[in-house]
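S.K.:
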Amino acid sequence: MSVSTKLYEGKAKIIYPTDDPEIFLAVFKDDATAFNAQKRGSIQGKGAINCSISSQLFQLLETRGIKTHFVDNPAPNQMRIKAVKILPLEVVVRNIAAGSLCQQTGLALGTVLKQPLVEFYYKNDRLGDPLLTRDRLLVMELATAEQVDRITHLALQINEFLKEFFQQCSITLVDFKLEFGLDSKQQLLLADEISPDTCRLWDISTQEDADRRILDKDRFRLDLGNVENAYQEVWKRVLKVVEAKE
Ligand code: TMP
Ligand code: ASP
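Position in the sequence shown (first residue = 1) + 10 = our numbering.
1. Contact between the stretch 78-90 and the stretch 57-70: three or more CB pairs below 8 Å?
2. Our contact map puts residue 77 next to residue 100 with C-beta atoms below 8 Å; I'd like the distance itself, whole angstroms only.
3. Taking only three categories from DSSP, how would you classify residue 18?
4. Under three-state DSSP, which class holds residue 94?
5. Measuring alpha carbon to alpha carbon, tell me which residue in 142, 91, 140, 138 is nearest residue 33.
6. In the DSSP assignment, what residue or residues form a beta bridge with residue 212?
7. Is it right to say residue 45 is buried, meaning 16 or more other beta carbons lie within 10 angstroms of its own, or is it exposed?
8. Is the beta carbon of residue 207 sitting closer than 9 Å to the one on residue 223?
9. Within the structure, which residues are defined as neighbours of the ligand ASP by a Cβ-heavy atom distance below 5 Å, reported in chain order?
10. Can you give me the start and stop residues for the beta strand (DSSP E) that residue 194 sits inside?
11. Helix, strand or coil for residue 99, going by three-state DSSP, please let me know.
12. Assign residue 246 to one of three DSSP states: helix, strand, or coil.
13. For the stretch 236-247 and the stretch 157-174, state whether three or more C-beta atom pairs, one from each stretch, are separated by less than 8 Å.
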């Protein structure tokens, strides 16, 4: 497939059209960026690992009645997906305070939240993906009130499923980011990816060691080293739990 046919290239994936207008091909890259692409690098094997983890999680979520864009995997770093128009929203669900929540509120890292927090950020690199309020989001017409309510409900349902799944992997799901899209029938589908790039994942067995426990992209963001090992470890544990379910 020639590069010129790509529909879109993001920081972690390239989207290609296919012969079927209802289906796109997402190719996951090893490229890694952080802090709105001010930090750039590569994580060897990340594309295939993130694609594989996301594919397994999307399929499991489908069995729980959550509609996703997943179709199938032509290769380990490729996902055929339903053609959706992505809503320009980053939907973050948090169970434990970390990252920007600590920076913006002063909550101590690791504070267990009494209830999951669902937040909406404007997916806009030029503006640095700012945190939105519900009213701002509605004024900007980024989604309808009905869509916001539906997304919030789905995000909490997905959180309950993922928390339990990662618990079985001996991993604490600290927080994660979701994206949603609308298909040609305006149906809302879970899209993008769910991977160590988009989740904070802490190893339960090394919980007491703030750096060693990190099994996600924070190893790259914060220059903690052993980035590839962490991604491989998550994939190994996810596969083990998935295979045990089969
Ligand atoms: P934050 O604490 O930096 O706001 O990140 C919250 C979650 O969202 C964390 O699991 C990492 C994920 N995330 C992304 O997937 N993409 C991003 O661009 C950012 C900033 C965070
Ligand atoms: N999406 C971020 C970036 O723009 C990466 C991150 O922090 O996850 O580089």
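Just so it is clear, CB atoms sit at the ideal spot from N, CA and C, and this is done for glycine as well.
M.R.: In brief:
1. yes
2. The residue given as residue 77 occupies position 67 in the sequence shown. The residue given as residue 100 occupies position 90 in the sequence shown. Contact flag wrong, Cβ pair sits at about 19 Å.
3. Here residue 18 refers to the residue found at position 8 when the sequence shown is read from its first residue. Residue 18: strand per DSSP, three-state reduction.
4. Counted from its first residue, the sequence shown places residue 94 at position 84. The answer is coil: DSSP assigns residue 94 none of H, G, I, E or B.
5. Indexing the sequence shown from 1 puts residue 33 at position 23. The candidate whose alpha carbon is nearest that of residue 33 is 91.
6. Within the sequence shown, residue 212 is the residue found at index 202, counting from 1. 182, 224.
7. For the purposes of this step, residue 45 is identified with residue 35 of the sequence shown, where counting begins at 1. Looking at its Cβ environment, which holds fewer than 16 other Cβ atoms inside 10 Å, residue 45 is exposed.
8. Translated into the one-based positions of the sequence shown, residue 207 becomes position 197. Translated into the one-based positions of the sequence shown, residue 223 becomes position 213. In this structure, residue 223 does not lie closer than 9 Å to residue 207 by Cβ.
9. 43, 44, 46, 47
10. By one-based count along the sequence shown, residue 194 stands at place 184. It is not in any beta strand (DSSP E) - residue 194 carries neither H nor E in the DSSP assignment.
11. By one-based count along the sequence shown, residue 99 stands at place 89. DSSP places residue 99 in strand when its eight states are reduced to three.
12. For the purposes of this step, residue 246 is identified with residue 236 of the sequence shown, where counting begins at 1. Helix at residue 246.
13. no
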